Amino acid sequence: MATSRANRELTTDDKTEVVKYLQDRMSLGKLPRGSIKAAAAALNLNRKTVSGIWKDFLTQGSSPSKKAGRVGRKLRYTPEHVTQLVQELPQEERSTMRDIATATGLTMGTICRNLKSGTLERRSSRLKPNTMLALTPGFGLKDTGIPTFRRKPRLRELAF
Numbered sequence: 002m003a004t005s006r007a008n009r010e011l012t013t014d015d016k017t018e019v020v021k022y023l024q025d026r027m028s029l030g031k032l033p034r035g036s037i038k039a040a041a042a043a044l045n046l047n048r049k050t051v052s053g054i055w056k057d058f059l060t061q062g063s064s065p066s067k068k069a070g071r072v073g074r075k076l077r078y079t080p081e082h083v084t085q086l087v088q089e090l091p092q093e094e095r096s097t098m099r100d101i102a103t104a105t106g107l108t109m110g111t112i113c114r115n116l117k118s119g120t121l122e123r124r125s126s127r128l129k130p131n132t133m134l135a136l137t138p139g140f141g142l143k144d145t146g147i148p149t150f151r152r153k154p155r156l157r158e159l160a161f
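So for the sequence shown, our numbering puts the first residue at 2; every next one is plus one.
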């Protein structure tokens, strides 16, 4: 192992090297007295570091990084908060991402990230041609011969 490290944390390979060093010195399922101190001197590490790696290995079976999933910039807005803000908007103000961003006070980047992660879903509101009526003679054509377009009725527009 190198005498100086660039990073503060040990890599997985370094931890594996410590564990192998100590496993080679085990006898009858136990470490002999002074083996952690000898490993620390041989690998140029602190005794507490070697002891911690060995304890993690004994309890967990491996020594993964404890930083996984806990590093990086913390989210300013939780996904639940973003969905709540968007749902509070009236339907007319939700037409584009830019409209949502200005109405909620969120940035375009936040809206885009939440759309990409699946927190927000894209909904198409464009009119769709009713092809069955357009294909049958006499239906779906205005006096000008242009096919008419219908949209599917929304649930709130249907009468029960």
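All residues carry an ideal CB built from backbone N, CA and C; glycine is no exception.
Since this is a predicted model, take the numbers as computed values, not measurements.
To the nearest angstrom, report how far apart residue i and residue j are at their CA atoms.
i	j	result
residue 66	residue 13	8 Å
residue 93	residue 123	15 Å
residue 63	residue 117	34 Å
residue 121	residue 83	8 Å
residue 72	residue 9	14 Å
So what's residue i in DSSP terms, helix, strand or just coil?
i	result
residue 49	helix
residue 56	helix
residue 141	Note that residue 141 has pLDDT 49, beneath the 50 cutoff, so the model's placement of it is unreliable and no number is given.
residue 118	helix
residue 75	coil
residue 125	coil
residue 28	strand
residue 70	coil
Considering only the alpha carbon of each residue, which of the options lies closest to residue i?
i	options	result
residue 90	101, 8, 82, 51	101
residue 50	33, 30, 74, 18	18
residue 42	70, 30, 80, 22	22
residue 31	15, 55, 68	55
Decide if residue i is buried, meaning its Cβ has at least 16 other Cβ atoms within 10 Å, or exposed.
i	result
residue 60	exposed
residue 7	exposed
residue 115	buried
residue 111	buried
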